[in-house]
Amino acid sequence: PLGGREGALHGVLSVYAAEPRAWREEEVQALAALASNASVALSNAELYQRVAVEREQSVAILANIADGIVAVDREGDVVLWNRAAEEITGVPAAEAIGRTPAQVLQRDLESETGGTNRLIAIPKGDQDVWLSLSEAVMRDPTGAVAGRIFAFRDISAEHVVEQMKSDFVSTVSVELRTPLTSIYGFSQTLLREDVAFGDVERRTFLEFIARESERLTAIVDALLNVARLDTGNLTVSLEPTDVAWVVSEVVSSAHPSGNGHRFVAELDVEGVAVQADPDKLRQVLDQLVSNAVKYSPGGGTVTVSARRTDNVVELSVADEGVGIPQSERERIFSKFYKAGGGQGTGLGLFIAQGLVREMGGRMWVDSEEGRGSRFAFELPLAGREAEMQRDG
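Taking the numbering used here, the leading residue of the sequence shown gets 44, the next gets one more, and so forth.
1) Hey, which unbroken runs of the alpha helix (DSSP H) at 4 residues or more fall wholly within the stretch 186 to 270?
2) For the putative contact between A395 and Q318, defined by C-beta atoms under 8 Å, what is the C-beta separation to the nearest angstrom?
3) Pop quiz: I367 and V408 are said to be a contact at Cβ under 8 Å. What is the actual Cβ separation, rounded to whole angstroms?
4) In the DSSP output, which residue or residues are listed as bridge partners for A81?
5) One question on the structure: do S348 and E309 come within less than 7 Å of each other, judged by their Cβ atoms?
6) Identify which residue in D169, S216 and R191 has its Cα closest to the Cα of S370.
7) Comparing the CB of T352 with every heavy atom of the ligand NAP, is any distance shorter than 6 Å?
8) Compute the Euclidean distance between the alpha carbons of K378 and N268, then round it to the nearest angstrom.
9) DSSP state of P135, grouped into three classes?
10) Please tell me whether I140 and N125 are closer than 7 Å, where the distance is taken between their beta carbons.
11) For E357, report the span of its beta strand (DSSP E) as first-last.
12) Figure out for me which residue from E70, A51 and L52 has the closest Cα to the Cα of Y59.
13) Is it the case that the Cβ atoms of T346 and V286 are separated by a distance below 7 Å?
14) R351 lies in the alpha helix (DSSP H); which residues open and close that run?
15) Just to check my reading of the structure: R196 and S175 have Cβ atoms closer than 8 Å, yes? What is that Cβ distance to the nearest angstrom?
16) Straight-line CA distance for R439 to G391?
17) Tell whether a beta-carbon distance below 7 Å holds between R325 and V289.
18) Can the beta-carbon of V327 be found less than 7 Å from the beta-carbon of H304?
19) Please state if the CB of F376 and the CB of F393 are separated by a distance shorter than 7 Å.
20) Among all the DSSP beta bridges, which residues are the ones paired with H304?
21) Can you list, in chain order, the residues of its chain whose CB lies under 6 Å from that of Q206, leaving out five sequence neighbours each side?
22) On the CB-based measure, 16 or more other CB atoms within 10 Å of its CB, does R433 come out buried or exposed?
23) I need the boundaries of the alpha helix (DSSP H) containing G397, first residue and last residue.
24) Starting from the N-terminal side, write out each stretch of the alpha helix (DSSP H) that is 4 residues or longer and does not extend beyond the stretch 272 to 337.
25) Give the secondary structure of L176 by DSSP, where H, G and I count as helix, E and B as strand, and everything else as coil.
26) Measuring CA to CA, which of R374, R400, N354 and A109 is closest to G278?
27) Considering only residues of the same chain and omitting the five flanking positions on each side of K323, which have a CB-CB separation below 7 Å?
28) Could you check the C-alpha separation between G415 and V204 for me, to the nearest Å?
29) Can you round the beta-carbon distance between G186 and A114 to whole angstroms, since I take them to be within the 8 Å contact cut?
30) Taking only three categories from DSSP, how would you classify V456?
31) Buried or exposed: which applies to A51, given that a residue is buried once 16 or more other Cβ atoms fall within 10 Å of its Cβ?
32) Suppose the cutoff is 6 Å on Cβ atoms and the five residues either side in sequence are ignored; what does the same chain contact list for V147 look like?
33) Have a look at F251 and R417 and give me their C-alpha separation to the nearest angstrom.
34) What's the C-alpha gap between T232 and D242?
35) For the alpha helix (DSSP H) containing S370, name the first residue and the last one.
36) From N160 to F211, what does the alpha carbon distance come to, in whole angstroms?
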């Protein structure tokens, strides 16, 4: 019999003679040895085939699994770098194999304690990718460490959401606490019975309360606008809107700071109307003017301009302030982002850009650090004027 592993029967080795005869003992032993060797060969072939099939299955699984899988040998060199690892890290397997993860990713994946779901960041281009990383030790039959295997997935989107939640809680708690503290303090002062306040003092306290209440209302309105922009529930009432009139109103009502700002309107749109929500357009320009004053502490001129180009009107607010570093320009319209770590909710520009987008336009910024900024946006011409422009 040709036996296999665990008593399995692969087959039978049969030997025939042309004439009847008795088999000698040495012949029987030789046949037994031959059967044993054949059994071993068949078992090895079966094992090799099984290993090959399992290897192909493993390769197919690793190639199509959504998680990045990286394996290193006992020296720490990469021996496996699957397709998902290529996509997540941006590094082809050919560049990773034979090198250490630290050489490939500019940081090591291995930790002293191992474990699962560690949060790490790796550089990818000009930004970081956040990974949820787990690792396990591979051991040889003697128990010695033969290598490590790492599994990770890209959770950058989730990390951004968590960071935004953290920023939201931090911003709201600070921004709401300040006016609430003022309102509470002045109210408690007015309620004191051991102090007789005159009309002037009482009016001064009430003005503080009214001003802080307006500030509180503005913060709440900003948070509501953010929620509406995020959910797509912001309502805009588009209608032909006189650009020159809105710009003139914004400039005439601008409040200079104690640093001596001067406000100028440059209009090349007399009689030109855009398709916009007048209140939202005013809100956008007010926000940009407020930012211009805030970020030009040395005073200077704030210029509000409007000019017609093709089927759109370009509006802009320029200042002579501190400007925006190149590294911050891409994030300047992000939610809760405050240039230079300044005061405020960090929502103004995010909302302004969102309002412009809802009105069918786009917003951008041009800036040079130390020489000021220019925030500009375009809005489409109102229907009749747009038709005349096309016909012309």
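Glycine included, every Cβ here is placed at the ideal spot set by N, Cα and C.
As the structure is a computational prediction, the values presented were derived from the model and not from experiment.
Reading off the structure:
1) 199 to 233
2) The count along the sequence shown starts at 1 and reaches residue 395 at position 352. The count along the sequence shown starts at 1 and reaches residue 318 at position 275. So it is not a contact: roughly 18 Å between Cβ atoms.
3) As a position in the sequence shown, residue 367 is number 324, starting the count at 1. As a position in the sequence shown, residue 408 is number 365, starting the count at 1. Going by Cβ atoms, the distance from I367 to V408 rounds to 7 Å, so yes, they are a contact pair.
4) On the sequence shown, residue 81 is found 38 positions in, with the first residue counted as 1. For A81, which the question treats as bridged, DSSP gives no partner whatsoever.
5) As a first step, residue 348 is located in the sequence shown; it is residue number 305 there, counting from the start. As a first step, residue 309 is located in the sequence shown; it is residue number 266 there, counting from the start. Yes, the pair counts as a contact, with Cβ atoms nearer than the cut-off.
6) In the sequence shown, the residue the question calls residue 370 occupies position 327. Measuring from the Cα of S370, the nearest candidate turns out to be D169.
7) As far as ligands go, the structure on display features none, and thus does not contain the ligand NAP.
8) As a first step, residue 378 must be located in the sequence shown, where it is residue number 335. As a first step, residue 268 must be located in the sequence shown, where it is residue number 225. Whole-angstrom Cα-Cα distance: 12 Å.
9) Locating residue 135 in the sequence shown gives position 92, where the first residue counts as 1. Reduced to three states, the DSSP call for P135 is coil.
10) Residue mapping note: residue 140 aligns to position 97 of the sequence shown, counting from 1. Residue mapping note: residue 125 aligns to position 82 of the sequence shown, counting from 1. Against a cut-off of 7 Å, the Cβ pair of N125 and I140 comes out as no contact.
11) Against the sequence shown, residue 357 aligns to sequence position 314. Taken as a continuous stretch (DSSP letters only), the beta strand (DSSP E) holding E357 covers V355 to A361.
12) Translated into positions along the sequence shown, residue 59 becomes position 16. When only C-alpha atoms are compared, the closest one is E70.
13) Taking the sequence shown and counting its residues from 1, the one referred to as residue 346 is at position 303. Taking the sequence shown and counting its residues from 1, the one referred to as residue 286 is at position 243. Not in contact: T346 and V286 (Cβ atoms no closer than 7 Å).
14) What you label residue 351 is simply residue 308 of the sequence shown in a count that begins at 1. Premise fails: R351 lies in the beta strand (DSSP E), G343 to T352, not in any alpha helix (DSSP H).
15) In the sequence shown, counting from the first residue as 1, residue 196 sits at position 153. In the sequence shown, counting from the first residue as 1, residue 175 sits at position 132. That pair is a contact at about 5 Å.
16) Because the chain here runs from 44 to 435, residue 439 falls outside it and cannot be looked at.
17) For the purposes of this step, residue 325 is taken as the residue at position 282 of the sequence shown. For the purposes of this step, residue 289 is taken as the residue at position 246 of the sequence shown. A contact, by the Cβ cut-off of 7 Å.
18) Here the question's residue 327 lines up with position 284 in the sequence shown. Here the question's residue 304 lines up with position 261 in the sequence shown. Not in contact: V327 and H304 (Cβ atoms no closer than 7 Å).
19) As a first step, residue 393 must be located in the sequence shown, where it is residue number 350. As a first step, residue 376 must be located in the sequence shown, where it is residue number 333. Going by C-beta atoms, F393 is nearer than 7 Å to F376.
20) Working through the sequence shown from its first residue, we reach residue 304 at position 261. Note: H304 sits in a beta bridge opposite G343.
21) The residue given as residue 206 occupies position 163 in the sequence shown. Nothing listed; no residue qualifies.
22) As a first step, residue 433 is located in the sequence shown; it is residue number 390 there, counting from the start. At R433, the pLDDT of 47 sits below 50, so the modelled position is not reliable; the number obtained from the coordinates is stated separately. Result: exposed.
23) Against the sequence shown, residue 397 aligns to sequence position 354. Element bounds for G397: G391 to E401.
24) 286 to 296 and 321 to 337
25) As a position in the sequence shown, residue 176 is number 133, starting the count at 1. Here L176 sits in strand by DSSP.
26) Position 235 of the sequence shown, counting from 1, holds the residue named residue 278. First, the residue type needs correcting, since residue 278 is Thr and not Gly in the sequence shown. It is R400 whose Cα lies nearest to the Cα of T278.
27) For the purposes of this step, residue 323 is taken as residue 280 along the sequence shown, with counting starting at 1. Answer for K323: V279, L398 and M402, listed in chain order.
28) One-based indexing of the sequence shown puts residue 415 at position 372. One-based indexing of the sequence shown puts residue 204 at position 161. Roughly 32 Å separates the two Cα atoms.
29) The residue given as residue 186 occupies position 143 in the sequence shown. The residue given as residue 114 occupies position 71 in the sequence shown. About 19 Å; that fails the 8 Å criterion.
30) This structure leaves residue 456 out entirely; the chain is present only between 44 and 435.
31) For the purposes of this step, residue 51 is identified with residue 8 of the sequence shown, where counting begins at 1. So A51 ends up on the exposed side.
32) Position 104 of the sequence shown holds residue 147. Cβ within range, chain order: V134 and A139.
33) Translated into positions along the sequence shown, residue 251 becomes position 208. Translated into positions along the sequence shown, residue 417 becomes position 374. Rounded to the nearest angstrom, the two C-alpha atoms are 33 Å apart.
34) In the sequence shown, the residue the question calls residue 232 occupies position 189. In the sequence shown, the residue the question calls residue 242 occupies position 199. If you take the alpha carbons of T232 and D242, they lie about 14 Å apart.
35) Within the sequence shown, numbered from 1, the residue matching residue 370 stands at position 327. Q369 to R372 is the extent of the alpha helix (DSSP H) around S370.
36) Taking the first residue of the sequence shown as position 1, residue 160 is located at position 117. Taking the first residue of the sequence shown as position 1, residue 211 is located at position 168. The alpha-carbon atoms of N160 and F211 are separated by roughly 25 Å.
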